[in-house]
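**Q**
Residue numbers (full-length UniProt numbering): 1 to 352.
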């Protein structure tokens with residue numbers, strides 16, 4: 001989508017265009033010439049021109065592909081091309097307030113597993129934007145340091161996996177009673193000796209190779225426990241969701257009732273999480289905040305939706321995931337863009 005340069009527009013046209021876009025993003029409805037005419041203190045848009053002169057400018061902006069006039073309204077609304085020009089060249093972002101920053105940091109700093117922080121982030125983005133929030137789960141594979149196995153009852157074991165960076169994950173493994181008849185301490189020591197400095201996938205491969213070669217020095221029960229435990233943990237890790245989406249209900253507001261087909265298409269897009277994750281991955285590879293407006297991405301060619309996405313990094317500065325919001329093209333970009341950026345930085349501190 002190629003928008004005309006801002007310098008192609010006169011000062012008068014730029015001002016009217018800005019007022020139309022801001023009015024539409026604020027109200028979700030087309031903006032008419034009467035709303036733009038007259039001084040602001042009298043309820044007008046602040047353009048000191050007659051409605052007829054304003055209509056001429058609006059017609060020119062429409063001819064340039066920046067505005068459109070819906071059949072059901074005499075007003076104008078920005079096209080996707082117009083929104084792109086506004087976002088790239090005219091928008092003045094409103095940085096989060098001190099209270100908003102404090103609320104974000106407090107919510108993401110609460111103790112608990114990283115999965116909870118990711119859920120909180122997705123819900124937080126939804127609350128802040130009034131749209132749906134999304135978080136792509138980190139792709140990192142941490143180096144491991146230690147594993148401990150503790151019996152909970154006759155058939156369940158609590159497995160605690162500690163990574164080199166201090167991250168801790170707990171899993172409850174359900175195993176046959178006969179598998180627990182062996183020494184859990186022996187199995188824990190064996191696993192810790194083999195996983196230290198390795199990722200989970202590397203550790204599983206090394207253990208399988210050693211057991212298959214007969215060099216494990218484990219009795220049959222211990223071998224069974226080790227193999228079952230690693231298999232369950234690896235399977236659980238592989239099946240984690242690649243994307244967490246919260247706040248879909250925000251998309252069903254009053255303004256959506258007049259365009260229910262678009263909203264239904266958007267909700268279908270959100271169900272296709274693998275495709276959506278692919279879109280967010282573009283932001284991860286770019287290593288910078290991205291804004292996708294409507295049909296700029298094929299996934300949203302029908303629903304006409306916008307996505308604001310930003311990568312988040314670990315303490316070493318490496319991009320490990322992406323978060324963002326998705327909603328109608330009339331998102332409040334000036335407010336949501338810095339919110340997404342600040343939330344990404346805050347989550348990065350939580351990831352560590």
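Just so it is clear, CB atoms sit at the ideal spot from N, CA and C, and this is done for glycine as well.
All values reported here derive from a predicted model rather than from experimental measurement.
Answer yes or no: do residue 135 and residue 323 have a C-beta to C-beta separation smaller than 8 Å?
**A** yes
**Q** Would you list the residues sitting across from residue 150 in a DSSP beta bridge?
**A** 158
**Q** Pull up the distance between the alpha-carbon of residue 64 and that of residue 347, whole angstroms please.
**A** In a straight line, the C-alpha of residue 64 is about 41 Å away from that of residue 347.
**Q** Counting only the same chain and skipping the five closest in sequence on each side, list residues whose C-beta sits under 6 Å from that of residue 150.
**A** 158
**Q** Quick check: what's the CA-CA separation for residue 32 versus residue 267?
**A** 31 Å
**Q** What residues are listed by DSSP as bridge partners for residue 328?
**A** 305
**Q** State the CB to CB distance for the pair residue 334 and residue 311, rounded to an integer number of angstroms; the pair is presumed to be in contact (CB under 8 Å).
**A** 21 Å between Cβ atoms; not a contact.
**Q** Going along the chain, which residues of its own chain have a beta-carbon closer than 6 Å to the beta-carbon of residue 309, five neighbours each way excluded?
**A** 280, 283, 290, 322, 324
**Q** By the 10 Å Cβ neighbour count, where 16 or more other Cβ atoms means buried, how is residue 298 classified, buried or exposed?
**A** exposed
**Q** Enumerate, from N- to C-terminal direction, the unbroken beta strand (DSSP E) stretches of 3 or more residues contained entirely within the segment 69-147.
**A** Listed in chain order, the complete beta strand (DSSP E) runs (minimum 3 residues) inside the segment 69-147 are 132-136.
**Q** On the premise that residue 164 lies in contact with residue 191, defined as a C-beta separation below 8 Å, what is that separation, rounded to the nearest angstrom?
**A** Wrong, their Cβ atoms sit about 15 Å apart, outside the cutoff.
**Q** Any idea if residue 30 is buried or exposed, counting beta-carbon neighbours within 10 angstroms, 16 or more meaning buried?
**A** Counting C-beta atoms within 10 angstroms of its own C-beta, residue 30 has 16 or more neighbours from the protein chains shown and is therefore classed as buried.
**Q** Going by C-alpha to C-alpha distance, which of 27, 138, 22, 113 sits closest to residue 277?
**A** When only C-alpha atoms are compared, the closest one is 138.
**Q** Going by beta carbon distance, what residues of the same chain come within less than 6 Å of residue 161, once the five residues before and after it are set aside?
**A** 147, 169
**Q** Quick one: what's got a C-beta closer than 7 Å to residue 70's C-beta in the same chain, skipping five residues either side?
**A** 30, 77
**Q** If I measure Cβ to Cβ from residue 196 and keep anything under 8 Å in the same chain, skipping five residues before and after, which residues do I get?
**A** 144, 145, 146
**Q** Among 126, 13, 285, 215, whose alpha-carbon lies nearest the alpha-carbon of residue 337?
**A** 126
**Q** Would residue 80 pass as a contact of residue 293 if the rule is Cβ separation under 8 Å?
**A** yes
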